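Please read the structure below before turning to the comments.
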Amino acid sequence: MNVVVLVKQIPDPAAPQALDPQTRTLVREGKLILDDSDAYGVEMGLQLAEQAGGGEVTLVSMAPNGETSGLRTALAMGAAKAVLVSDDALKGSDALSTARVLAKAIQRVQPDLVIAATESTDGYTGTMPVQLAEFLSMPAVTFAKKISVGDGKVHVERQTEAGYDEVEAPTPVVVTVTAGVVEPRYPSFKGIMAAKSKPVDQLTVADLGLDAGQVGAAGARQEVTDVSAAEERKAGEIVVDEGEGYERVVQFLEQLKIV
Amino acid sequence: MSIDKVWVLAEIADGSPITTSLELLAQARAMGGTVEALSWGPDTAAAATALGDHGATTVYDIGDIGDALPGAPVAGAIAELVKAGNGPDVLLVPTTYDGRDVAGRLSVKLDVPVITNVVGLDVVGDEVHSQHGLFGGAQVATARFTGAGPAVFVVRAKTFAAEPVGGAPAQVVAAAVPELGATNSAVVLARHVEERSGPKLDEADVVVSGGRGLGGAEHYALIEELAKLVHGAAGASRAIVDAGWVPYSHQVGQTGKTVKPTLYIACGISGATQHLVGMKGSKNIIAINKDRDAPIFSVADLGIVGDVHKVVPKLIEALKSRS
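Residue numbers (the numbering used here), protein chains in the order written: chain B, 2 to 260; chain X, 575 to 897.
Okay, here's the thing in structure tokens:
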């Protein structure tokens with residue numbers, strides 16, 4: 002069972018995020034880290050490959066400047082290798098262009114299963130994995146909270162508005178996983194050392210047989226025209242509880258005529 | 575492009591269009607031109623009355639897709655309609671699991687981008703401009719389409735207000751699902767409904783939510799008890815849903831429900847971006863958290879800096895003694 006896990010390397014969400022004032026796209030300078038949301042997919046991929054009794058996990062990522070620091074984290078967790086698409090032409094790619102590029106990269110690996118997070122922490126459009134499935138002519142099962150594999154099929158518990166559905170799909174298939182689907186392992190020291198020598202195959206847009214005009218800002222057909230501060234909610238009254246804090250809550254409920 | 579036609583993806587649950595789809599129909603009318611709906615499932619004909627009442631003149635009935643997941647077949651049928659030359663200028667899709675799947679598939683089939691997380695739409699001259707919350711809603715970006723083809727917007731719940739206009743039932747027009755091969759091979763084997771009591775989370779006038787500060791699944795009962803006393807619904811942060819303390823149907827936030835109640839009470843919730851997106855629109859917010867620096871206090875009208883395990887039980891006692 003060969004698994005591709007899509008990983009995004011993002012600016013540290015703990016650091017303040019900003020938009021480039023010129024292009025109005027997310028600033029992705031400086032050190033990038035593995036998106037936390039993707040650690041669950043990596044763990045799921047590793048567990049499923051192990052359960053299947055063979056196969057490996059290949060990471061596929063797209064990032065500027067040949068960035069690999071986030072990939073190394075996932076390699077240290079146990080992924081076997083990585084494919085990184087890095088090309089100046091990709092700057093400003095929207096979800097559709099990103100899916101087009103990643104689909105080409107994944108086709109080189111020929112996986113049985115493609116795992117992605119339901120949405121990235123920084124952009125959270127949440128449509129890219131399904132767009133990817135369409136490019137790959139694969140079924141997609143989104144919002145998986147449990148996955149098992151067997152007999153050339155995946156069996157997924159998929160979140161719904163009302164609860165969850167049990168869904169089955171033949172492989173190859175794209176599955177998106179929610180955070181909490183599994184507990185990601187911490188890379189061991191041995192894993193971290195081994196990760197340094199694991200292969201990272203770096204590709205350009207041309208290597209994938211794509212035209213630079215189809216991707217990046219050139220391929221995006223939406224333009225951000227304005228960014229402004231949202232109407233701020235003002236912080237209100239703060240009461241430090243010294244045993245009677247609840248009384249202020251009761252008063253507030255009375256004012257609103259809730260009690 | 576002038577706005578001659580707007581389509582709305584109208585999801586149907588329990589025989590009726592979901593509220594977000596009705597909100598989108600109201601917005602579609604405001605944008606001008608003809609308003610038409612797209613639906614699937616066994617109840618489309620029955621829902622045509624409600625869809626017409628909210629302004630749709632026609633509903634394209636994609637039919638009963640049986641046990642298939644909706645993404646592929648619904649997008650396939652819509653793409654056929656567009657390719658036949660009947661496409662709209664704008665397609666509005668609700669931010670739901672199936673809505674996002676449909677929009678993603680359709681995007682590739684029609685080679686048009688999808689604009690997600692939309693929290694506002696304006697027609698400016700011949701263009702549609704959309705607003706999106708960024709960084710948990712701290713900033714709002716305005717975007718416009720620069721390409722050809724239907725502009726596809728995936729809109730968050732409660733962005734617009736639903737409003738019936740008393741239209742005649744929508745005319746039902748069948749729309750066929752083409753042969754899709756492997757993309758349409760996912761099947762639903764069983765559906766599980768996780769029952770909840772009391773008012774629905776996204777319709778309740780009061781929502782009481784709990785977060786990681788509760789310390790353990792066993793303490794969620796406090797939230798449910800308080801919710802009951804204020805006739806509200808019990809919600810949760812993503813952290814405790816992911817931790818398995820409560821079912822997903824309780825989740826408020828970016829990936830969960832968007833709520834805008836009269837009062838939102840956040841208990842032991844720090845206020846991660848992911849959570850704020852789903853509840854900042856509440857009319858009044860009370861936050862109870864022991865960390866004075868928690869971001870939730872920056873949006874709270876009343877912030878109690880204290881331990882939920884001390885404050886909430888006293889609050890419950892006080893409310894009980896009144897009733």
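Backbone N, C-alpha and C define an ideal beta-carbon position, used for all residues, glycine too.
It should be emphasised that the depicted structure is a prediction, and the values quoted were computed from it without experimental measurement.
Return no unless some Cβ of chain X is closer than 9 Å to the Cβ of Y125(B).
Residue mapping note: residue 125(B) aligns to position 124 of the first sequence, counting from 1. Yes, its Cβ sits closer than 9 Å to a Cβ of chain X.
Report the neighbours of N858(X) on chain B: residues whose CB is nearer than 8 Å to its CB, in chain order.
Numbered from its first residue, the second sequence carries residue 858(X) at position 284. Chain B residues near N858(X): F253 and L257.
Give the secondary structure of S895(X) by DSSP, where H, G and I count as helix, E and B as strand, and everything else as coil.
Residue 895(X) sits at position 321 when you count from the first residue of the second sequence. Helix.
What is the rounded straight-line gap between the Cα of A712(X) and the Cα of T122(B)?
By one-based count along the second sequence, residue 712(X) stands at place 138. By one-based count along the first sequence, residue 122(B) stands at place 121. Computed Cα separation, rounded: 15 Å.
State the Cα-Cα distance for the pair L788(X) and A236(B), rounded to the nearest angstrom.
As a first step, residue 788(X) is located in the second sequence; it is residue number 214 there, counting from the start. As a first step, residue 236(B) is located in the first sequence; it is residue number 235 there, counting from the start. Roughly 23 Å separates the two Cα atoms.
Assuming Y41(B) is part of the alpha helix (DSSP H), what are its boundary residues?
On the first sequence, position 40 is the one that residue 41(B) refers to. Unbroken alpha helix (DSSP H) run through Y41(B): D37 to Q52.
Should P835(X) go down as buried or exposed, given a rule of 16 or more other Cβ atoms within 10 Å for buried?
Reading the second sequence from its first residue, position 261 is the one you call residue 835(X). Answer is buried; the Cβ neighbour count reaches 16.
Determine the closest residue to A170(B) out of D672(X), G694(X) and A756(X), with distance taken between C-alpha atoms.
Looking up residue 170(B) in the first sequence gives position 169. Minimum Cα distance to A170(B) is reached at A756(X).
Cβ-Cβ distance between F144(B) and V682(X) below 9 Å:
One-based indexing of the first sequence puts residue 144(B) at position 143. One-based indexing of the second sequence puts residue 682(X) at position 108. Going by C-beta atoms, F144(B) is not nearer than 9 Å to V682(X).
Please identify, using Cβ separations under 7 Å, the residues of the region 780-801 of chain X that lie next to chain B, in order along the chain.
V780
Contact residues within the region 129-140 of chain B, judged by C-beta distance below 8 Å to chain X:
M129, P130, V131, Q132, A134, E135, F136, S138, M139 and P140
Hey, does V4(B) have any beta-carbon neighbour from chain X nearer than 9 Å?
As a working mapping, residue 4(B) is identified with position 3 in the first sequence. Not closer than 9 Å to any Cβ of chain X, the Cβ of V4(B) fails to qualify, so no.
Mind checking I239(B): buried by the 16 CB within 10 Å criterion, or exposed?
Taking the first residue of the first sequence as position 1, residue 239(B) is located at position 238. Classification for I239(B): exposed.
Going by DSSP in three states, Y125(B) sits in which element: helix, strand or coil?
Taking the first residue of the first sequence as 1, we reach residue 125(B) at position 124. In this structure, Y125(B) counts as coil in the three-state DSSP scheme.
By Cβ distance below 8 Å, which residues in the same chain neighbour V102(B) in space, the five residues on each side in sequence not counted?
Start at 1 with the first residue of the first sequence, and residue 102(B) comes out as number 101. Contacts found: M63, V86, L91, S94, V206, L209, L211 and V216.
Say whether chain X places a C-beta atom closer than 9 Å to the C-beta of S229(B).
Looking up residue 229(B) in the first sequence gives position 228. Yes, its Cβ sits closer than 9 Å to a Cβ of chain X.
What residue range is occupied by the uninterrupted beta strand (DSSP E) comprising G877(X)?
Numbered from 1 along the second sequence, position 303 holds the residue referred to as residue 877(X). Here the beta strand (DSSP E) through G877(X) covers L876 to V879.
Relative to chain X, which residues along the region 171-191 of chain B have a C-beta separation below 9 Å, given in chain order?
P171, P173, V174, T179, A180, G181 and V182
Since E1(B) is in the alpha helix (DSSP H), which residue starts that stretch and which ends it?
In the structure displayed, chain B extends from 2 to 260; residue 1(B) sits before or after that span and is not available.
K802(X) versus L876(X) - alpha carbon distance:
Counting from one through the second sequence, the residue named residue 802(X) turns up at place 228. Counting from one through the second sequence, the residue named residue 876(X) turns up at place 302. Distance between the alpha carbons of K802(X) and L876(X) is about 21 Å.
Give the DSSP bridge partners of A620(X), in chain order.
In the second sequence, residue 620(X) corresponds to position 46, counting from 1. Answer is none; A620(X) lacks a bridge partner.
Would you decide whether M139(B) is buried or exposed? Buried here means 16 or more other CB atoms lie within 10 Å of its CB.
The residue labelled residue 139(B) in the question sits at position 138 within the first sequence. Per the 10 Å Cβ criterion, buried.
6 Å Cβ shell around G809(X) - same chain, five flanking residues per side excluded
For this step, residue 809(X) is matched to residue 235 along the second sequence. Hits under 6 Å: L775, V781, S783, H824 and V826.
When Cβ atoms are compared, which residues of the region 229-249 of chain B fall closer than 9 Å to chain X?
S229, A230, A231, E232, E233, R234, K235, A236, G237, E238, I239, V240, V241, D242, E243, G244, E245, G246, Y247, E248 and R249
Count the CB pairs spanning the region 724-733 of chain X and the region 663-671 of chain X that are closer than 8 Å, and state whether there are at least three.
yes
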